[in-house]
Amino acid sequence: MEPMQEEVISALKKDDWVLALQVMTTVDAFAEQRYRFERDYDTDLRDLGHIALLPAFKFKRLKRDAVRSVEKGLHKINDELYQKLCRDFNYCERRDMPLSRLISYLIGVLDVIYGEGAIALAVLIAKREYLDKVCNCPK
50 MEPMQEEVIS
60 ALKKDDWVLA
70 LQVMTTVDAF
80 AEQRYRFERD
90 YDTDLRDLGH
100 IALLPAFKFK
110 RLKRDAVRSV
120 EKGLHKINDE
130 LYQKLCRDFN
140 YCERRDMPLS
150 RLISYLIGVL
160 DVIYGEGAIA
170 LAVLIAKREY
180 LDKVCNCPK
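Every position in the sequence shown, counted from 1, becomes a number in this note's numbering once 49 is added.
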(Lines of atoms letter the chains of each structure in order from A and count residues from 1; the text may use other names and numbers.)
(Lines give C-alpha, C1' and ligand atoms only; values in the text may rest on other atoms or scores of the structure.)
Protein backbone atom coordinates (compact mmCIF):
# COMPACT_ATOMS: atom_id res chain seq x y z
CA MET A 1 0.00 0.00 0.00
CA GLU A 2 1.28 3.48 -0.88
CA PRO A 3 2.14 5.88 1.98
CA MET A 4 -0.59 8.34 0.93
CA GLN A 5 -3.20 5.55 0.92
CA GLU A 6 -2.14 4.58 4.43
CA GLU A 7 -2.43 8.19 5.55
CA VAL A 8 -5.92 8.49 4.03
CA ILE A 9 -7.06 5.26 5.70
CA SER A 10 -5.64 6.48 8.99
CA ALA A 11 -7.46 9.82 8.59
CA LEU A 12 -10.76 8.06 7.80
CA LYS A 13 -10.52 6.26 11.14
CA LYS A 14 -10.17 9.51 13.09
CA ASP A 15 -13.08 11.36 14.62
CA ASP A 16 -14.11 14.55 12.86
CA TRP A 17 -12.98 16.73 15.76
CA VAL A 18 -9.46 15.23 15.63
CA LEU A 19 -9.31 15.94 11.89
CA ALA A 20 -10.52 19.49 12.56
CA LEU A 21 -7.73 20.04 15.11
CA GLN A 22 -5.23 18.65 12.61
CA VAL A 23 -6.49 21.04 9.93
CA MET A 24 -6.28 24.03 12.25
CA THR A 25 -2.72 23.17 13.28
CA THR A 26 -1.34 22.38 9.81
CA VAL A 27 -3.19 24.49 7.23
CA ASP A 28 -2.08 28.14 7.25
CA ALA A 29 -5.48 29.29 5.96
CA PHE A 30 -6.96 28.18 9.30
CA ALA A 31 -4.42 29.97 11.51
CA GLU A 32 -6.97 32.58 12.58
CA GLN A 33 -9.40 29.88 13.71
CA ARG A 34 -6.58 28.10 15.53
CA TYR A 35 -5.44 31.16 17.49
CA ARG A 36 -8.98 32.10 18.42
CA PHE A 37 -9.72 28.52 19.44
CA GLU A 38 -6.54 28.23 21.53
CA ARG A 39 -7.34 31.52 23.24
CA ASP A 40 -10.94 30.53 23.99
CA TYR A 41 -9.95 27.12 25.37
CA ASP A 42 -6.63 28.23 26.86
CA THR A 43 -4.84 25.24 25.35
CA ASP A 44 -2.40 24.31 22.60
CA LEU A 45 -4.35 22.35 19.99
CA ARG A 46 -1.32 20.13 19.38
CA ASP A 47 -1.37 18.96 23.02
CA LEU A 48 -3.96 16.17 22.97
CA GLY A 49 -2.81 15.08 26.44
CA HIS A 50 -3.90 18.42 27.89
CA ILE A 51 -7.11 18.39 25.88
CA ALA A 52 -7.93 14.92 27.26
CA LEU A 53 -7.70 16.35 30.79
CA LEU A 54 -10.38 18.97 30.19
CA PRO A 55 -13.59 18.60 32.19
CA ALA A 56 -16.12 16.43 30.33
CA PHE A 57 -18.50 19.29 29.52
CA LYS A 58 -15.66 21.43 28.16
CA PHE A 59 -14.21 18.53 26.17
CA LYS A 60 -17.61 17.85 24.57
CA ARG A 61 -17.94 21.52 23.64
CA LEU A 62 -14.36 21.58 22.26
CA LYS A 63 -15.11 18.65 19.95
CA ARG A 64 -18.24 20.35 18.61
CA ASP A 65 -16.57 23.74 18.27
CA ALA A 66 -13.50 22.33 16.49
CA VAL A 67 -15.57 21.03 13.58
CA ARG A 68 -17.69 24.20 13.47
CA SER A 69 -14.56 26.35 13.43
CA VAL A 70 -13.16 24.54 10.39
CA GLU A 71 -16.53 24.75 8.63
CA LYS A 72 -16.61 28.51 9.26
CA GLY A 73 -13.09 28.77 7.85
CA LEU A 74 -14.20 26.88 4.76
CA HIS A 75 -17.04 29.37 4.26
CA LYS A 76 -14.48 32.17 4.06
CA ILE A 77 -12.64 30.43 1.24
CA ASN A 78 -15.78 29.13 -0.39
CA ASP A 79 -15.30 30.93 -3.72
CA GLU A 80 -12.12 29.07 -4.60
CA LEU A 81 -13.53 25.72 -3.48
CA TYR A 82 -16.76 26.40 -5.33
CA GLN A 83 -14.99 27.14 -8.60
CA LYS A 84 -12.61 24.18 -8.47
CA LEU A 85 -14.93 21.56 -7.05
CA CYS A 86 -18.48 22.54 -7.96
CA ARG A 87 -17.89 24.00 -11.41
CA ASP A 88 -14.63 22.54 -12.77
CA PHE A 89 -15.04 19.09 -11.23
CA ASN A 90 -18.87 19.13 -11.42
CA TYR A 91 -19.19 17.57 -7.97
CA CYS A 92 -23.00 17.24 -7.96
CA GLU A 93 -22.86 15.00 -11.02
CA ARG A 94 -20.04 12.91 -9.53
CA ARG A 95 -20.97 12.77 -5.86
CA ASP A 96 -21.92 9.08 -6.08
CA MET A 97 -18.34 8.12 -6.94
CA PRO A 98 -16.48 5.89 -4.49
CA LEU A 99 -15.33 7.79 -1.41
CA SER A 100 -11.69 6.88 -2.07
CA ARG A 101 -11.79 8.52 -5.52
CA LEU A 102 -13.48 11.64 -4.16
CA ILE A 103 -10.89 11.94 -1.40
CA SER A 104 -8.04 11.45 -3.89
CA TYR A 105 -9.39 14.24 -6.08
CA LEU A 106 -9.95 16.52 -3.07
CA ILE A 107 -6.38 15.90 -1.89
CA GLY A 108 -5.07 16.90 -5.31
CA VAL A 109 -7.06 20.14 -5.36
CA LEU A 110 -6.49 21.02 -1.71
CA ASP A 111 -2.79 20.21 -1.84
CA VAL A 112 -2.33 22.81 -4.58
CA ILE A 113 -4.27 25.39 -2.55
CA TYR A 114 -3.08 24.58 1.00
CA GLY A 115 -0.21 22.12 0.90
CA GLU A 116 0.31 20.49 4.28
CA GLY A 117 -2.88 19.33 5.93
CA ALA A 118 -4.67 18.59 2.66
CA ILE A 119 -5.37 14.97 3.56
CA ALA A 120 -7.06 15.76 6.87
CA LEU A 121 -9.07 18.54 5.25
CA ALA A 122 -10.09 16.35 2.28
CA VAL A 123 -11.25 13.53 4.56
CA LEU A 124 -13.17 15.94 6.81
CA ILE A 125 -14.89 17.55 3.80
CA ALA A 126 -15.83 14.15 2.37
CA LYS A 127 -17.01 12.63 5.66
CA ARG A 128 -19.19 15.61 6.55
CA GLU A 129 -20.57 15.86 2.99
CA TYR A 130 -19.62 19.53 3.01
CA LEU A 131 -19.61 19.80 -0.79
CA ASP A 132 -23.29 18.88 -0.99
CA LYS A 133 -23.97 22.16 0.86
CA VAL A 134 -21.37 24.28 -0.92
CA CYS A 135 -22.38 23.14 -4.39
CA ASN A 136 -26.13 23.24 -3.62
CA CYS A 137 -26.61 19.72 -4.93
CA PRO A 138 -30.20 18.50 -5.22
CA LYS A 139 -31.11 15.94 -2.56
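Here a beta-carbon is modelled for each residue, glycine too, at the ideal position from N, C-alpha and C.
Could you give the C-beta distance for Leu173 and Tyr140, rounded to a whole number, given that I count them as a contact under 8 angstroms? Here residue 173 corresponds to residue number 124 of the sequence shown, with the count starting at 1. Here residue 140 corresponds to residue number 91 of the sequence shown, with the count starting at 1. Contact flag wrong, Cβ pair sits at about 16 angstroms.
Measure the C-alpha to C-alpha separation of Asp77 and Gln71 and round it to an integer number of angstroms. As a working note, residue 77 is residue 28 in the sequence shown. As a working note, residue 71 is residue 22 in the sequence shown. For Asp77 and Gln71, the distance between alpha carbons rounds to 11 angstroms.
Nearest-angstrom Cα distance between Asp137 and Val116? The residue given as residue 137 occupies position 88 in the sequence shown. The residue given as residue 116 occupies position 67 in the sequence shown. If you take the alpha carbons of Asp137 and Val116, they lie about 26 angstroms apart.
So Asp65 packs on Lys176, CB below 8 angstroms; how close in whole Å? The residue labelled residue 65 in the question sits at position 16 within the sequence shown. The residue labelled residue 176 in the question sits at position 127 within the sequence shown. That pair is a contact at about 6 angstroms.
Validate contact between the segment 91-102 and the segment 126-135 using beta carbons, cut 8 angstroms, 3 pairs: Short answer: they don't touch.
Cβ distance (whole Å) where Glu56 is taken to contact Ile162 below 8 angstroms: Here residue 56 refers to the residue found at position 7 when the sequence shown is read from its first residue. Here residue 162 refers to the residue found at position 113 when the sequence shown is read from its first residue. Actually they do not touch by this definition, with Cβ atoms about 18 angstroms apart.
Out of Phe86, Leu170, Gly166, which one is the CA nearest neighbour of Lys107? To locate residue 107, count along the sequence shown from 1; it is residue 58. Lys107 has its Cα closest to that of Phe86, out of Phe86, Leu170, Gly166.
Using the three-state DSSP reduction, which class does Gly157 fall into: helix, strand or coil? Within the sequence shown, residue 157 is the residue found at index 108, counting from 1. Reduced to three states, the DSSP call for Gly157 is helix.
Tell me the rounded alpha-carbon separation between Ile58 and Val119. Here residue 58 refers to the residue found at position 9 of the sequence shown. Here residue 119 refers to the residue found at position 70 of the sequence shown. Answer to the nearest angstrom: the Cα atoms are 21 angstroms apart.
Do you know whose CA, among Leu159, Ile156, Leu148, Glu129, lies nearest Cys184's CA? Looking up residue 184 in the sequence shown gives position 135. Among Leu159, Ile156, Leu148, Glu129, the Cα nearest to that of Cys184 is on Glu129.
Per-residue burial, Ala171 [other beta carbons within 10 Å of its own, 16 or more giving buried]: Walking along the sequence shown from the start, residue 171 turns up at place 122. Buried, by the Cβ-count rule.
How should Gln82 be labelled, buried or exposed, when 16 other C-beta atoms within 10 angstroms of its C-beta is the threshold for buried? Here residue 82 refers to the residue found at position 33 of the sequence shown. With 16 or more other Cβ atoms within 10 Å, it is buried.
Between the C-alpha atoms of Asp160 and Gly166, what's the straight-line distance to the nearest angstrom? Mapped onto the sequence shown, residue 160 falls at position 111. Mapped onto the sequence shown, residue 166 falls at position 117. Approximately 8 angstroms, taken between the alpha carbons.
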